[in-house]
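**Student:** Quick one: structure below, then a few questions.
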Amino acid sequence: MKPRHKRIAAIAIGVVALGIVTALVLSAFQENLVFFFTPSEVAANKAPQGRTFRIGGMVEKGSVRRQADGVTVQFTVTDTAKSIAVNYRGALPDLFREGKGVVAQGQLSADGVFRASEVLAKHDENYMPPEAKLAVEKAHEASRTLKP
Amino acid sequence: MIPELGQVALSLALAVALFASVSALAGAEKSNAEWMAFARPASQSLTLLVAFAFGCLVHAFVVNDFSVAYVANNSNSALPLQYRVAGAWGGHEGSLLLWTLILGVWTSAVALFSRHLPEEMAARVLGVMNLISTGFLAFMLFTSNPFDRLLPAPADGRDLNPLLQDPGMVLHPPMLYMGYVGFSVAFSFAVAALLAGRLDATWARWSRPWTTVAWVFLTIGIALGSGWAYYELGWGGWWFWDPVENASFMPWLCGTALIHSLAVTEKRGAFRSWTVLLAIFAFALSLLGTFLVRSGVLTSVHAFAVDPKRGVFILGLFALFVGGALALYAWRTARIGLGGSFAPVSRESFLLANNVLLAAAAGTVFLGTLYPLALDALGGGKISVGPQYFEAVFVPIMAPALFLMGIGPLARWKHSSLPELAVLLRWALAVSLTLGLLLPLAMGSWKPMVGFGLSLALWVVLASLLSLRKGARTRSQYGMVVAHIGMAVFVVGVTLVKGYEAEKDARMRPGDTVEVGGYSFLLEGVADVAGPNYQAARAKVSVSREGRPLRVLHPERRLYTVQQSVMTEAAIDTGLTRDLYVSLGDPLEGGAWLVKVQYKPFIDWIWGGCLIMALGGLLAATDRRYRFSLQAKQDNVVEAAA
Chain A
3 MKPRHKRIAA
13 IAIGVVALGI
23 VTALVLSAFQ
33 ENLVFFFTPS
43 EVAANKAPQG
53 RTFRIGGMVE
63 KGSVRRQADG
73 VTVQFTVTDT
83 AKSIAVNYRG
93 ALPDLFREGK
103 GVVAQGQLSA
113 DGVFRASEVL
123 AKHDENYMPP
133 EAKLAVEKAH
143 EASRTLKP
Chain B
272 MIPELGQVAL
282 SLALAVALFA
292 SVSALAGAEK
302 SNAEWMAFAR
312 PASQSLTLLV
322 AFAFGCLVHA
332 FVVNDFSVAY
342 VANNSNSALP
352 LQYRVAGAWG
362 GHEGSLLLWT
372 LILGVWTSAV
382 ALFSRHLPEE
392 MAARVLGVMN
402 LISTGFLAFM
412 LFTSNPFDRL
422 LPAPADGRDL
432 NPLLQDPGMV
442 LHPPMLYMGY
452 VGFSVAFSFA
462 VAALLAGRLD
472 ATWARWSRPW
482 TTVAWVFLTI
492 GIALGSGWAY
502 YELGWGGWWF
512 WDPVENASFM
522 PWLCGTALIH
532 SLAVTEKRGA
542 FRSWTVLLAI
552 FAFALSLLGT
562 FLVRSGVLTS
572 VHAFAVDPKR
582 GVFILGLFAL
592 FVGGALALYA
602 WRTARIGLGG
612 SFAPVSRESF
622 LLANNVLLAA
632 AAGTVFLGTL
642 YPLALDALGG
652 GKISVGPQYF
662 EAVFVPIMAP
672 ALFLMGIGPL
682 ARWKHSSLPE
692 LAVLLRWALA
702 VSLTLGLLLP
712 LAMGSWKPMV
722 GFGLSLALWV
732 VLASLLSLRK
742 GARTRSQYGM
752 VVAHIGMAVF
762 VVGVTLVKGY
772 EAEKDARMRP
782 GDTVEVGGYS
792 FLLEGVADVA
802 GPNYQAARAK
812 VSVSREGRPL
822 RVLHPERRLY
832 TVQQSVMTEA
842 AIDTGLTRDL
852 YVSLGDPLEG
862 GAWLVKVQYK
872 PFIDWIWGGC
882 LIMALGGLLA
892 ATDRRYRFSL
902 QAKQDNVVEA
912 AA
């Protein structure tokens with residue numbers, strides 16, 4: 003091969019490799035995007051079945067219940083307009099509290115209960131997860147526009 | 272009174288930095304030795320002034336001066352002394368001050384150790400570094416002043432976030448910032464070289480030790496942060512692909528690429544424009560990391576709306592430094608030239624592949640971290656990118672990088688022959704494949720990914736040792752081998768933790784036992800204890816293996832009284848081949864507790880590997896030949912004097 007051909011071959015290999023990496027990255031990205039829905043949106047059947055997504059809102063006061071095994075927890079997440087029952091197995095984060103903001107990630111089961119694989123409550127007691135705040139704001143706005 | 276002195280010192284520092292950068296840069300442009308001569312003393316006084324201001328802030332924390340708003344927000348009179356000192360960098364304003372102080376330390380170091388450089392080069396580097404200081408001091412004074420008063424002063428402070436009350440807080444941020452800010456030196460060297468229009472092997476040799484030292488600090492800083500998250504967050508994870516972590520990981524990936532590409536530029540004069548670009552990007556990502564973590568952009572994109580002045584200032588600074596450097600790059604890049612040519616099979620090619628892979632890795636982290644933020648800022652809705660994305664992408668990108676890591680150091684510069692490399696490496700390949708595929712059997716069960724990971728790690732170790740037999744035995748060669756072995760140790764840790772970790776969430780009453788990973792954990796009881804600023808429930812858990820008692824662990828569940836926040840303090844039995852990790856969850860009815868028990872094989876190898884990498888970097892950065900030119904110059908001076 004002439005040096006020029008070698009160079010062309012090297013560039014071609016580089017372009018192909020870059021293409022493969024890009025394709026790989028974008029497909030992984032597409033598959034693992036986790037979308038966010040408010041409890042009102044879930045109630046309006048806007049959330050997908052059989053795909054992982056996030057919900058956010060406030061933990062309804064008095065809704066946290068532990069099942070007999072002590073490990074499974076049930077609670078309700080509300081955006082003040084609609085609420086959704088959440089089921090989670092495992093230890094809750096330190097900052098999880100009734101009446102406080104929370105974000106949960108998981109899937110919606112056929113019976114309408116949200117099975118969370120992860121419950122997030124962030125690093126600071128003043129901090130409201132932006133998703134939870136958004137959910138409550140959206141619900142407020144919706145109720146305002148509905149009023150005559 | 273003392274906070275006002277700090278404020279005055281900061282204002283003076285701003286004036287000094289502005290003066291130093293203008294006189295040094297203008298002096299270098301006009302070849303005016305008198306103007307350039309200001310750069311060194313001005314840099315030293317800048318550092319002293321900022322250090323004085325920092326001392327004033329620490330003093331305000333130590334004496335509990337809650338009339339300073341920043342102290343009132345981040346401290347409390349019941350907070351132990353060491354955390355009051357560390358609280359100085361527990362919030363936005365103070366960590367900016369720490370950042371500026373560390374920038375001053377690096378600038379002074381450059382001023383001290385740049386006497387062997389041509390005067391104009393040194394002046395330009397110091398000028399650019401002082402310009403960065405100017406930007407940060409202005410940002411701090413105009414939008415985030417740590418010395419702002421709060422009148423009337425509250426009786427007591429709002430306390431430091433309990434998560435930050437940990438020895439990790441004393442070490443992790445300063446180390447991380449030493450790394451972030453250290454890349455400003457490589458950045459300044461690159462900008463100075465662009466300004467001078469001279470990018471050659473000497474430029475690369477000057478930049479190399481600085482870049483490596485910054486990388487060492489960043490490596491240690493990230494490892495400390497990961498270890499801290501592991502034991503303090505209480506749930507046993509060591510890396511969460513959280514935006515805050517990614518913010519420190521991107522400059523690391525870019526800096527690692529830069530170290531390798533600088534090697535090519537120094538030895539062969541190749542990759543020049545790419546190296547300059549990497550130097551700019553490494554610092555740009557450091558800036559981005561600092562801003563993302565500390566400006567509140569991450570907790571909510573809308574934090575910009577809360578204090579629009581801050582957000583605009585940040586974007587302005589970022590645009591000025593990064594945009595300015597890139598514009599200069601675009602303008603001057605034609606003059607740089609491409610450097611020496613090389614064959615498709617040569618050390619240059621392997622290092623090029625390393626750079627492409629590391630840059631691709633940095634790009635994927637960038638995409639996964641910033642796309643959700645950008646989408647949200649543009650009103651496109653809220654999404655998040657899970658750890659699965661990063662894991663799915665990282666293995667296929669890093670596996671070839673590890674494979675090439677074995678070959679690269681053995682390949683010759685300019686031209687190397689594949690058959691020769693194959694002969695050299697065939698035994699290493701055979702041994703690592705066989706052992707790597709057999710070893711998982713010793714762990715109890717065979718898993719393909721574990722076999723793959725261990726084979727790669729063994730391959731890196733064996734090939735690195737081989738390269739010692741072939742290559743020159745200089746200190747930097749040893750440094751490279753040590754750093755690569757550190758990477759292998761890290762890979763072993765990650766592979767085995769991912770492959771064999773086990774955990775159990777259990778409801779336990781005193782007297783109950785759970786079995787995890789072949790160990791049994793007996794909950795003996797839970798007692799109430801009081802700490803300096805918290806109340807805690809403290810469990811006593813006896814660990815035994817096959818009936819033989821091993822250790823007693825004391826996990827705690829603390830309630831920090833000022834902020835009324837609950838913290839899980841896990842108890843960990845650390846070992847060379849495994850950690851046992853017990854955390855105490857919520858109290859349940861009937862005197863029972865939720866207890867999480869985890870078995871983490873080889874997890875300490877992850878941080879051990881990082882420390883070995885850092886050690887390798889330190890060895891490489893202290894190689895004689897970087898000091899040689901300094902020595903030669905001093906000898907000349909002595910001779911001239913005689």
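Residue numbers (the working numbering), protein chains in the order written: chain A, 3 to 150; chain B, 272 to 913.
For every residue, glycine included, the Cβ atom is placed at its ideal position computed from N, Cα and C.
1. Leaving out five residues on either side along the sequence, give the residues of the same chain with a beta carbon under 6 Å from the beta carbon of B:L367.
2. So, is A:N34 buried or exposed, given that buried needs 16 or more other C-beta atoms within 10 angstroms?
3. Work out the CA separation of A:A93 and A:I57 for me, nearest whole Å.
4. Considering only C-alpha positions, which residue in the set B:L859, B:E275, B:A528, B:W864 is nearest to B:N826?
5. Roughly how many whole angstroms lie between the Cα atoms of B:F488 and A:I86?
6. Please report how far the alpha carbon of B:A574 lies from the alpha carbon of B:G582, in whole angstroms.
7. Given a threshold of 16 other Cβ atoms within 10 Å of its Cβ, counted over all protein chains shown, does B:M272 qualify as buried or as exposed?
8. Roughly how many angstroms lie between the CA atoms of B:R819 and B:S791, to the nearest whole one?
9. Report the partner residues of A:I86 according to the DSSP bridge assignment.
10. B:A808 and B:Y502 - do their beta-carbons sit closer together than 8 Å?
11. Can you list the residues of chain A that B:D799 reaches, using a CB-CB cut of under 9 Å?
12. Taking Cβ to Cβ, would you say B:F584 is nearer than 8 Å to B:F418?
13. If we ignore side chains and look at the alpha-carbon of each, how far apart do B:A632 and B:T378 end up?
14. Measure the alpha-carbon distance for B:L296 versus A:K102 and round it to whole angstroms.
15. Decide yes or no for the touch test of the segment 876-892 of chain B against the segment 747-759 of chain B: beta carbon pairs closer than 8 Å, at least 3 of them.
16. Short of 7 Å in beta carbon distance, which residues of its chain neighbour B:L710, apart from the five on each side in sequence? Order them along the chain.
17. Identify the residues that DSSP records as bridge partners of A:R67: which are they?
18. What are the start and end residues of each continuous beta strand (DSSP E) run of 3 or more residues lying completely inside the segment 734-782 of chain B, in chain order?
19. Taking CB distances under 8 Å as the criterion, tell me whether A:F77 reaches chain B.
20. Would you say A:K8 faces chain B, with C-beta separation under 8 Å as the test?
21. Would A:D96 pass as a contact of B:M838 if the rule is Cβ separation under 8 Å?
22. Roughly how many angstroms lie between the CA atoms of A:F38 and B:S655, to the nearest whole one?
23. Can you confirm whether the segment 784-799 of chain B touches the segment 389-396 of chain B when touching is taken to mean that 3 or more C-beta pairs between the two stretches lie within less than 8 Å?
24. Give the interface partners of B:P615 over in chain A, defined as CB-CB distance under 7 Å, in chain order.
25. Going by DSSP, name the residue or residues bridged to B:M838.
26. Which residues bound the alpha helix (DSSP H) around B:L706?
27. Counting only the same chain and skipping the five closest in sequence on each side, list residues whose C-beta sits under 6 Å from that of A:Q32.
28. For A:H142, is the classification buried or exposed, using 16 other Cβ atoms within 10 angstroms of its Cβ as the cut-off for buried?
29. Compare the C-alpha of A:N89 against each of A:V44, A:L20, A:E120 and name the closest.
30. CB-CB under 7 Å to B:L289, same chain, minus the five flanking residues each way: which ones, in chain order?
31. Sort B:L855, B:F637, B:G789, B:L622 by Cα distance to B:P671 and report the nearest one.
32. Which residues in the same chain have their Cβ closer than 6 Å to the Cβ of A:V18, if we skip the five residues on either side of it in sequence?
33. For a test of the three-state rule: what should DSSP assign to B:P820, helix, strand or coil?
34. In the DSSP assignment, what residue or residues form a beta bridge with B:Q869?
35. Which residues, taken in chain order from the segment 764-785 of chain B, show a beta carbon closer than 8 Å to some beta carbon of chain A?
**Tutor:** Well, looking at it:
1. So the qualifying residues of the chain are M411, S415.
2. Its Cβ being crowded by 16 or more others within 10 Å, A:N34 is buried.
3. Distance between the alpha carbons of A:I57 and A:A93 is about 19 Å.
4. Inspection of the sequence shows that residue 826 of chain B is occupied by Pro rather than by Asn. For the set B:L859, B:E275, B:A528, B:W864, the Cα lying nearest the Cα of B:P826 is the one of B:W864.
5. Their backbone Cα atoms lie some 47 Å apart in a straight line.
6. At B:A574, the pLDDT of 43 sits below 50, so the modelled position is not reliable and the matter cannot be decided from this model.
7. Taking every protein chain shown into account, the CB of B:M272 has fewer than 16 other CB atoms within 10 angstroms, so this residue is exposed.
8. About 10 Å.
9. According to DSSP, A:I86 bridges with A:V79.
10. With contacts defined by Cβ atoms closer than 8 Å, B:Y502 and B:A808 do not form a contacting pair.
11. Going along chain A, no residue has its Cβ under 9 Å from B:D799, so there is no contact; the nearest lies around 18 Å.
12. No, these two residues do not count as a Cβ contact at 8 Å.
13. If you take the alpha carbons of B:A632 and B:T378, they lie about 30 Å apart.
14. About 54 Å.
15. Yes: at least three Cβ pairs fall under 8 Å.
16. L725.
17. A:Q76.
18. If we require 3 residues or more, the beta strand (DSSP E) runs fully inside the segment 734-782 of chain B come out as 773-779.
19. For A:F77, the answer is no, since every Cβ of chain B falls outside 8 Å of its Cβ.
20. Residue contact with chain B for A:K8: present (Cβ-Cβ distance below 8 Å to some residue of chain B).
21. Yes, they are a contact pair.
22. Rounded to the nearest angstrom, the two C-alpha atoms are 8 Å apart.
23. The answer is no - the segment 784-799 of chain B does not touch the segment 389-396 of chain B, with fewer than three Cβ pairs under 8 Å.
24. Under the 7 Å cutoff, chain A gives K8, A12.
25. Beta-bridge pairing links B:M838 to B:R829.
26. First-last of the alpha helix (DSSP H) with B:L706: 689-713.
27. In its chain, beyond the 5 residues on either side, no residue has a beta carbon closer than 6 Å to the beta carbon of A:Q32.
28. It counts as exposed.
29. Of the listed residues, the one whose Cα sits closest to A:N89 is A:E120.
30. Cβ-Cβ distances below 7 Å link B:L289 to T405 in the same chain, with the five nearest sequence neighbours on each side left out; the list follows chain order.
31. Of B:L855, B:F637, B:G789, B:L622, the residue nearest in Cα terms is B:L622.
32. There are no such residues.
33. Under the three-state reduction of DSSP, B:P820 is assigned to strand.
34. For B:Q869, the beta-bridge partners assigned by DSSP are B:E774, B:Y852.
35. Within the segment 764-785 of chain B, the residues whose Cβ lies closer than 8 Å to any Cβ of chain A are, in chain order, D776, A777, R778.
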